[in-house]
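Written below as structure tokens is the structure these notes are about.
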Amino acid sequence: MEENNTTASTTESRPQNEDNKKPRNNNNNRNRRNNNNNNNSGNRQPNDNSVNGNVHAKEVDGNKTNNDNQGGHRVAQPLKGPNSGTSQNRQGANRNGGSKSGGGNKNRYKRGFNPGGVPTDKILKDCVVRNQAVQKERLNPHHKLDLNTKSYVRITPLGGLNEIGGNITVIETENEAILVDIGMSFPDEEMHGVDILVPDFSYIREIKDKIVGVIITHAHEDHIGAVPYFFKEFQFPIYGTTFPLAMIANKFDEHHIKQHKSFFRPIEKRKIYEVGNDFKIEWMHMTHSIIDASSLAITTEAGTVIHTGDFKIDHTPIDGYPADLHRLAHYGEKGVLCLLSDSTNSYNTGMTPSELTVGPGLDRLFAKAEGRVILSTFSSNIHRLQQAINYALKYDRKICVIGRSMERNLEVALAYDYIRFNKNIFVDADEITNMEDKKVMIITTGSQGEPSSALFRMATGEHRHIKIKPTDTIVLSSRAIPGNEASISGMLNHLQRAGAKIEQSKDNHIHVSGHAAQEEQKLMLRLTNPKFFLPIHGEYNHTMKHRDTGMQCGVPERNILIMGDGETIEVNPKYMRKVKKVRSGKTYIDNQNNHQIADDIVIDRQKLAGEGIVMIVAQVNQTDSSLISKPRVTSFGLVADKNDKAFAKEMEDVLEHFLLNLKPGLIENQRALENDLRQVVRKHIYRKMKKYPLIVPTVFVM
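Each position in the sequence shown, counted from 1, maps to that position plus 10 in this note's numbering.
The following block contains the structure:
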């Protein structure tokens with residue numbers, strides 16, 4: 011290493027005077043005087059290129075910078091022993107073997123590293139202590155937080171915890187609030203007639219006067235799918251990058267929401283935006299299974315909150331834009347108050363493979379396919395679609411895109427130059443019949459076996475243009491979302507009956523996740539070094555596993571909280587605590603008309619499906635409370651058809667017994683009369699059948 015190889019922050023060496031250029035043995039006293047002056051000024055230069063203990067360093071704001079460009083690692087300054095720098099020590103150095111010239115490596119070592127003959131063990135132990143202090147400061151940058159501030163941040167998830175999807179988080183200061191994402195989720199099999207679920211906005215109605223903006227991390231449905239339903243009631247500025255805003259604009263058009271673009275606030279990454287008076291927000295580029303995803307640095311008076319959004323750390327992304335780890339580290343050095351981090355893949359060890367690794371698998375499948383290739387994947391995974399199109403072109407195939415969401419997403423990506431293809435490579439579905447099968451690739455929706463999807467309709471022979479052939483290769487470049495396994499299996503059965511060859515990701519490595527595995531979660535924790543940690547996005551067991559990972563990375567257990575939807579967490583540099591519980595839940599949506607379904611309707615449907623229904627119509631004499639005629643009893647889903655008459659007679663007996671023991675005056679209140687009859691019939695049926703059917707009594711008092 012050359013003498014002048016120093017960093018920009020290293021103290022420059024003082025030029026030597028003419029006397030120092032003379033041979034040292036000409037005047038030993040003058041050399042000793044010059045050496046002493048250099049020692050007092052702090053500008054000591056090594057006499058050769060060997061590592062001799064003379065370390066040239068400067069400490070700036072607690073960060074020591076050395077002159078050998080060691081990547082920011084701290085190097086200890088010379089330790090001062092007893093009486094260092096005095097005439098007595100210089101004389102002692104000469105007595106201990108120094109030549110007249112004052113030279114000799116032994117003397118230089120003692121002057122620079124071990125002045126005064128301090129025992130080596132003491133020097134090494136002191137160095138260990140100093141380095142331990144350095145490491146403690148490095149690993150705890152949140153010590154820079156203002157412990158005297160009375161400001162706080164409140165974090166309230168209204169969706170996305172103890173579930174997959176439906177992500178929405180309220181972040182509040184004392185005077186203002188923002189919403190991070192407004193996502194939808196899908197119903198389970200028991201929610202009959204319900205197409206999608208959106209968050210309950212009750213708490214937002216309570217604080218609507220505080221809200222200054224909606225912050226979007228990325229364009230997946232579980233983060234933006236509920237925005238149109240939200241916007242029909244509330245109108246706030248929506249901040250996000252281009253692709254998410256363009257996808258929201260399409261949704262607004264579908265819902266006939268006018269003038270939506272006036273609320274859009276397009277942002278640039280690596281810029282800090284003031285949202286309201288209390289929030290300064292930076293969008294940091296993040297890799298995920300959708301383009302243009304971001305993590306957020308949300309700075310308030312209480313400190314900085316990092317919200318990762320959904321993420322993975324892909325070092326070889328398709329577009330060449332890796333995650334902006336530098337900005338995450340920047341905030342980590344400044345001190346992060348709280349980290350909210352994606353927990354979806356908390357059980358996956360190692361690192362999630364790069365999207366780039368999918369390419370070779372697709373290449374092999376395209377190379378051996380003799381007929382049409384029909385590929386289905388998530389419609390939002392633009393980089394997967396880009397790879398598939400590239401390999402189709404490699405094997406001289408035209409591309410046909412089928413499925414509304416697939417078409418819409420590709421149109422947006424092409425319109426804003428996220429991907430670039432000549433439009434003449436695409437063909438319409440009605441053109442395929444006139445083309446050779448080996449010249450066609452079809453990209454379609456339906457990887458989850460949705461009955462209304464294009465691939466499902468192809469499998470069942472219901473698609474207008476595409477019929478499955480035995481020579482077709484079906485490529486499912488996706489994973490089964492929990493709960494969709496039965497639907498996918500049913501679709502595969504139809505495809506196999508048609509004779510198609512099916513290629514799935516588990517056999518060909520043609521799918522990778524978009525969520526961080528444990529090593530990526532650890533990297534996020536190490537880069538940000540948060541004081542407090544809140545695992546988000548996932549079911550309870552996912553967040554608990556993420557908590558364990560956080561503890562492995564040095565976050566104390568007391569500084570980690572496992573939240574649930576509706577729980578409000580208050581964070582200050584001194585503490586983090588749960589302060590209240592607000593209303594949360596789901597609103598049911600019928601996708602046919604985009605209207606809300608009342609909760610009691612869904613409950614009734616569930617009872618009808620699981621317990622059945624009993625309808626009783628009776629005429630009662632007002633004078634003596636007796637039956638005027640035989641009641642009419644109808645049931646569905648409770649007893650077999652052959653037992654209908656016996657069940658009707660049983661209900662008639664129950665009704666007669668009820669009327670004989672009728673409370674005085676109840677006959678005059680028809681609603682109260684029907685409610686009491688409902689309870690009596692329900693109890694009787696439960697005793698006999700252990701069922702709670704829906705009871706619908708209609709009593710005419712005459």
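Using N, Cα and C, we set each Cβ at its ideal position, and we do this for glycine too.
Remember, it's a predicted structure, so these values are computed and weren't measured experimentally.
For this session: Excluding the 5 residues preceding and the 5 following Leu403 in the sequence, name in chain order all residues of the same chain whose CB lies nearer than 7 Å to its CB.
Result: Looking up residue 403 in the sequence shown gives position 393. Excluding positions up to five away in sequence, the list reads Ile435.
For this session: Specify the secondary structure class of Met573 as computed by DSSP and reduced to three states.
Result: Working through the sequence shown from its first residue, we reach residue 573 at position 563. In this structure, Met573 counts as coil in the three-state DSSP scheme.
Exercise. From what residue to what residue does the alpha helix (DSSP H) around Thr252 run?
Worked result: Walking along the sequence shown from the start, residue 252 turns up at place 242. For Thr252, the uninterrupted alpha helix (DSSP H) run begins and ends at Thr252 to Glu264, by DSSP.
Exercise. What is the rounded straight-line gap between the Cα of Phe262 and the Cα of Leu171?
Worked result: As a first step, residue 262 is located in the sequence shown; it is residue number 252 there, counting from the start. As a first step, residue 171 is located in the sequence shown; it is residue number 161 there, counting from the start. Rounded to whole angstroms, Phe262 to Leu171 spans 27 Å at the Cα level.
For this session: Closer than 6 Å by C-beta to His473: which residues in its own chain qualify, once you throw out the five before and the five after it? Chain order, please.
Result: Against the sequence shown, residue 473 aligns to sequence position 463. Within the same chain, His473 has close Cβ partners Arg467.
Exercise. In terms of residues, what are the limits of the alpha helix (DSSP H) holding Pro674?
Worked result: Here residue 674 refers to the residue found at position 664 when the sequence shown is read from its first residue. In the DSSP annotation of this structure, Pro674 is not part of any alpha helix (DSSP H), being labelled neither H nor E.
Problem set entry | Asn358 (DSSP reduced to helix, strand or coil) | By one-based count along the sequence shown, residue 358 stands at place 348. Three-state result, Asn358: coil.
Problem set entry | C-alpha gap between Lys3 and Ser462, whole angstroms | Nothing about residue 3 can be read from this structure; the chain reaches only from 11 to 712.
Exercise. Tell me which same chain residues have a C-beta within less than 8 Å of the C-beta of Thr578, skipping the five on either side of it?
Worked result: Reading the sequence shown from its first residue, position 568 is the one you call residue 578. Cβ neighbours of Thr578 beyond the five flanking positions: Arg164, Ile165, Thr166, Lys588, Val589, Lys590, Lys591 and Val592.
For this session: Helix, strand or coil for Leu157, going by three-state DSSP, please let me know.
Result: Looking up residue 157 in the sequence shown gives position 147. DSSP places Leu157 in coil when its eight states are reduced to three.
For this session: Report, in whole angstroms, the separation of the C-beta atoms of Gly345 and Leu155, which I expect to be a contact under 8 Å.
Result: By 1-based counting over the sequence shown, the position of residue 345 is 335. By 1-based counting over the sequence shown, the position of residue 155 is 145. Yes, Gly345 and Leu155 are in contact; Cβ-Cβ is about 5 Å, under 8 Å.
For this session: Would you check if the distance between the CB atom of Met625 and the CB atom of Thr559 is smaller than 9 Å?
Result: Numbered from its first residue, the sequence shown carries residue 625 at position 615. Numbered from its first residue, the sequence shown carries residue 559 at position 549. Not closer than 9 Å, so no.
Exercise. According to the Cβ coordinates, are Tyr239 and Ile277 closer than 9 Å?
Worked result: Sequence index remark: in the sequence shown, residue 239 carries index 229 (1-based). Sequence index remark: in the sequence shown, residue 277 carries index 267 (1-based). Contact flag unset, no.
Exercise. Going by other Cβ atoms of all chains shown within 10 Å of its Cβ, with 16 needed for buried, is Pro129 buried or exposed?
Worked result: As a working note, residue 129 is residue 119 in the sequence shown. Answer is exposed; the Cβ neighbour count stays below 16.
Exercise. Under a three-way DSSP split, which group does Ile476 fall into?
Worked result: In the sequence shown, the residue the question calls residue 476 occupies position 466. The answer is coil: DSSP assigns Ile476 none of H, G, I, E or B.
Exercise. Rounded to whole angstroms, how far is the Cβ of Leu372 from the Cβ of Tyr401, which I believe are closer than 8 Å?
Worked result: Against the sequence shown, residue 372 aligns to sequence position 362. Against the sequence shown, residue 401 aligns to sequence position 391. 5 Å between Cβ atoms; contact.
For this session: Any chance you could list the beta strand (DSSP E) runs of at least 3 consecutive residues sitting entirely within the region 682 to 712, in chain order?
Result: Whole beta strand (DSSP E) segments, 3+ residues: 704 to 711.
Problem set entry | Gly471 beta carbon less than 9 Å from that of Ala508 | As a position in the sequence shown, residue 508 is number 498, starting the count at 1. As a position in the sequence shown, residue 471 is number 461, starting the count at 1. One thing to note: Ala508 has its Cβ within 9 Å of the Cβ of Gly471.
Problem set entry | Under the three-state DSSP convention, the category Glu380 falls into | Position 370 of the sequence shown holds residue 380. Glu380 sits in coil when the DSSP states are folded into three classes, being neither helix nor strand.
Exercise. Does DSSP classify Gly345 as helix, strand or coil?
Worked result: Position 335 of the sequence shown, counted from the start, is the residue given in the question as residue 345. DSSP places Gly345 in coil when its eight states are reduced to three.
Problem set entry | CB contact flag (Ser415, Thr455, <9 Å) | As a first step, residue 415 must be located in the sequence shown, where it is residue number 405. As a first step, residue 455 must be located in the sequence shown, where it is residue number 445. For the pair Ser415 and Thr455, the CB atoms are nearer than the 9 Å cut-off.
For this session: Using alpha carbons as the reference points, say which of Leu465, Thr359, Asp205 and Ser523 lies closest to Ala510.
Result: Taking the sequence shown and counting its residues from 1, the one referred to as residue 510 is at position 500. The option with the nearest alpha carbon to Ala510 is Leu465.
Exercise. Helix or strand or just coil, what does DSSP make of Asn47?
Worked result: Within the sequence shown, residue 47 is the residue found at index 37, counting from 1. Note that Asn47 scores 47 on pLDDT, short of 50, meaning its location in the model is unreliable; the coordinates nonetheless yield the value given after this. Three-state result, Asn47: helix.
Exercise. How far does the beta strand (DSSP E) with Thr166 in it reach, from first residue to last?
Worked result: As a first step, residue 166 must be located in the sequence shown, where it is residue number 156. First-last of the beta strand (DSSP E) with Thr166: Val163 to Gly169.
Exercise. Does the beta-carbon distance from Ala764 to Met194 come in below 9 Å?
Worked result: Because residue 764 is not part of the residues shown, which for the chain are 11 to 712, the question remains open.
For this session: Kindly list the residues whose CB is nearer than 8 Å to the CB of Leu704, restricted to its own chain and excluding five residues on each side of it in sequence; keep chain order.
Result: For the purposes of this step, residue 704 is taken as the residue at position 694 of the sequence shown. So the qualifying residues of the chain are Asp614, Lys617, Leu618, Glu621, Gly622, Ile623 and Val624.
Exercise. What residue does the alpha helix (DSSP H) around Gln7 start on, and which one ends it?
Worked result: The requested residue 7 is not part of the displayed model; the chain covers only 11 to 712.
For this session: Verify whether the separation of the beta carbon atoms of Asp232 and Leu168 is less than 9 Å.
Result: Translated into the one-based positions of the sequence shown, residue 232 becomes position 222. Translated into the one-based positions of the sequence shown, residue 168 becomes position 158. No, Cβ-Cβ distance for Asp232 and Leu168 is not below 9 Å.
For this session: Specify, as a first and last residue, the run of the beta strand (DSSP E) that Gly313 falls within.
Result: Translated into positions along the sequence shown, residue 313 becomes position 303. Gly313 -> beta strand (DSSP E) spans Gly313 to His317.
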